[in-house]
Amino acid sequence: MTDLYDAAVALVVAGSSVGLTLFWLRHLSRQHRGRMDQLLALRESLHDDLLGTLVLHQKTLADLGLRSLDWRGNWYGSPVFTRLGAKIPLRPHEGGARLSFDAERISDRILHQRFDYDDISLEFRIGLKGLRGERHLFAVQASEVLFAMIQGALAARQLALVAASSQRARVGVFLQHDMRNLAQWVQLVAEDFGSAESDAELLTRAKRLKKNAAHATQRAERMSQALLNPAWQASVSAPLEMHGAAELELLDLPEHIRQAAELHQVEIDLAGSARVEWDSHALAAVLDNVLGNVSSLSRERMLPASCRIVIKQDAQNTLVSMETKHLRLEIPLEKLFEPWSSSGSVNKGLGMYQARKQAQAAGGELFAETLGTGLRVMLSIPL
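Per the numbering used here, the sequence shown runs over residues 3 to 385.
Right under this line is the structure:
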């Protein structure tokens, strides 16, 4: 009888343990499902601002067990690295570091995935150190969902960009940007004449307008051509599929820089000189967008429109450095060449993107770095 009683007690205890375990698992499952719903709700935000959304919703990721997350790589030509939470150790084969961890244990604790697109190359890593049992399984599931969402956001961004860069989209998107640039120049000229207080000042402004008229007329004619024939080059600055190789011209860099600076009424401090064989349209795209931004943003902020430009040459490249340390950069550096990013109240975020694309199409490169609180934009032209 005693044996039967002991067996009954053991069965009751075992049943209670199973019941409590099931109840606990049910509670964890409901909690995890609620947090997964929060993660899935971030899909639209990830499409708009992938990296910023991950930083903003760090707590949501931590609640899912993703307490350590980092990513590094290239974002539209700018190197990026961000770490959320504790540092994740390198794998034995990374960076030549010698680690005492067991490789299998590390692979169990660290999940990683790499994403490569035309202008984006990023590696994400998630550290799961300290998680055991159900919490570890839930965190792995959440990581896989997050990786899928990131891939979807990057693919959607790429598809949107391809669509916007198609032949007819160029006429609608890139041409609108260049029309805005020309409209800003017209507004600048109007303000220039409106502020004249004497006949001598009017004569000075009229001479400056006459000197820049041919430069502005050339751009207006190219835009008219694009409107009448969408199969033609959409604008002076759009990244285009060339009908054959671009025509190279012998360009006097200081002369082109002075013309662009005068057109946008930017005071320049020019050092150095060079003559290069390159695509004049690519050079115009870079100078118009960089100096045009200097002009418009300086006037928005009630600052003198000025830029220091340095030309240097080595055995392989000519480097044109455009520095505006007085003009504070109000967007993250990695967003400077990102399409549809904005650096001012009237900037729609295509100018610097298409300038970089045009430079690359001609065999050059356009990149940037911070200069104090300002910016240094560098154009590299191959010899």
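C-beta: ideal position from N, C-alpha, C; glycine also.
Host beta strand (DSSP E) of Ala326 (start-end) = Residue identity check: residue 326 is Thr in the sequence provided, not Ala. Looking at the DSSP string, the run of the beta strand (DSSP E) that includes Thr326 is 319-326.
Take Ala307 and list the residues in its own chain whose beta-carbon comes closer than 8 Å to its own, dropping the five residues that flank it on each side.
-> His266, Gln267, Val268, Glu269, Val296, Ser297, Ser300, Arg301
Short CB-CB distance (under 8 Å) between Val379 and chain D | Here chain D cannot be found, since the structure has a single protein chain.
In the DSSP assignment, what are the bridge partners of Val191?
-> In DSSP, Val191 forms no bridge with anything.
Count the other CB atoms within 10 Å of the CB of Lys213; is the residue buried (16 or more) or exposed (fewer)?
-> exposed
Alpha-carbon to alpha-carbon, Trp342 and Gly196 | 33 Å
Quick one: what does DSSP say Ala88 is sitting in, helix, strand or coil?
-> coil
Residues sharing a beta bridge with Phe117, DSSP | Leu124
Under 8 Å by Cβ, that's how I've got Gly366 and Leu385 pegged, so tell me the actual separation to the nearest angstrom.
-> Wrong, their Cβ atoms sit about 11 Å apart, outside the cutoff.
Between the Cα of Phe117 and the Cα atoms of Arg277, Gln153, Leu321, which residue gives the shortest distance?
-> Gln153
If we count the other Cβ atoms within 10 Å of its Cβ and call it buried at 16 or more, is Val288 buried or exposed?
-> buried
From Asn349 to Ala218, what distance separates their C-alpha atoms?
-> Summary for Asn349: the model assigns pLDDT 47, below 50, so the residue's position carries little reliability, and this model does not support an answer.
Is Ala276 near Leu255, with beta carbons less than 8 Å apart?
-> yes
Per-residue burial, Thr320 [other beta carbons within 10 Å of its own, 16 or more giving buried] | buried
If you drop the 5 nearest sequence neighbours on each side, which residues of the same chain put their C-beta closer than 7 Å to that of Ala364?
-> Ala248, Trp280, Asp281, Ala284
Flag this pair as touching only if the region 37-46 and the region 72-90 have three or more C-beta atom pairs under 8 Å; answer yes or no.
-> no
Alpha carbon to alpha carbon, how far is Glu340 from Lys359? Give it in angstroms, no decimals.
-> 11 Å
Status (buried if at least 16 other CB within 10 Å, exposed otherwise) for Lys1 = The requested residue 1 does not occur in the structure, where the chain is confined to residues 3 to 385.
Give a yes or no on whether the C-beta atoms belonging to Ala263 and Leu293 are separated by under 8 Å.
-> yes
Of the residues Leu163, Val164, Arg260, which one's Cα is nearest the Cα of Asn210?
-> Correcting the residue type first, residue 210 is Arg in the shown sequence and not Asn. Minimum Cα distance to Arg210 is reached at Arg260.
Going by C-alpha distance, which of Leu68, Gln189, Val164 is nearest Leu131?
-> One detail in the question is off: residue 131 reads as Lys in this sequence, not Leu. Among Leu68, Gln189, Val164, the Cα nearest to that of Lys131 belongs to Leu68.
Would you tell me roughly how many angstroms separate the C-alpha atoms of Ser145 and Glu325, rounded to the nearest one?
-> 42 Å
Using a Cβ-Cβ cut-off of 6 Å (strictly less than) and excluding sequence neighbours within five positions of Leu66, which residues of its own chain qualify?
-> Arg37, Ala144
Run of the beta strand (DSSP E) containing Gln267, from where it starts to where it stops | It is not in any beta strand (DSSP E) - Gln267 carries neither H nor E in the DSSP assignment.
DSSP three-state assignment for Glu371, whether helix, strand or coil | strand
What does Gly135 pair with, by DSSP beta-bridge criteria?
-> Paired residue(s): none; Gly135 is not in a bridge.
Following the continuous alpha helix (DSSP H) through Lys359, name the residue where it begins and the one where it ends.
-> 353-363
According to DSSP, is Leu71 helix, strand or coil?
-> strand
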